[in-house]
Amino acid sequence: MRSSRQARILLCILIAAVGAAGWSVLALSRGERVSAIWVVAAAVGSYLIAQRFYARFIARRVTRPEAVAALCTPRTDSVEITPPKLTPA
174 MRSSRQARIL
184 LCILIAAVGA
194 AGWSVLALSR
204 GERVSAIWVV
214 AAAVGSYLIA
224 QRFYARFIAR
234 RVTRPEAVAA
244 LCTPRTDSVE
254 ITPPKLTPA
């Protein structure tokens with residue numbers, strides 16, 4: 174569990190570094206031709222970082238997921254719900 178969290182953090186740092194390198198090349202290349210790959214790297218890095226934090230904001234503040242709502246069928250003490258029996262075709 175801990176190693177997967179560290180892997181995600183490392184991946185985010187790597188994406189941020191690629192995006193920062195792309196923006197740095199774009200900002201520091203004065204008068205020189207800039208390769209399109211640096212523009213793509215800067216854009217992809219920026220979009221992935223923004224998506225990560227905006228998705229977290231939407232999940233926490235707007236939708237507010239609940240653990241109880243994750244159940245597909247309601248459970249009650251008085252009624253037992255059983256799935257239908259399937260017959261082979």
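Going by this note's numbering, the sequence shown wraps up at 262, each residue one higher than the last. Virtual Cβ for every residue (Gly too), placed ideally from N, Cα, C. In this text, all values refer to a predicted model and were calculated from it rather than measured experimentally.
From which residue to which residue does the alpha helix (DSSP H) around residue i run?
i, result
"Trp-218", "Looking at the sequence provided, one finds Gly at residue 218 rather than Trp. Gly-218 -> alpha helix (DSSP H) spans 209-230."
"Val-235", "Note, Val-235: premise wrong, no alpha helix (DSSP H); not H, not E."
"Leu-187", "175-201"
By a C-beta neighbour count over all protein chains shown, 10 Å radius and 16 as the cutoff for buried, is residue i buried or exposed?
i, result
"Ala-215", "buried"
Give a single yes or no on whether residue i has its beta carbon closer than 8 Å to a heavy atom of the ligand ZN.
i, result
"Ala-189", "The model depicted lacks the ligand ZN and carries no ligand whatsoever."
Shorter than 9 Å from the beta carbon of residue i to some beta carbon of chain B?
i, result
"Phe-226", "Going by chain labels, chain B is absent from the structure shown, which holds only one protein chain."
For the stretch 181-190 against the stretch 206-216, are there 3 or more C-beta pairs whose distance is under 8 Å?
no
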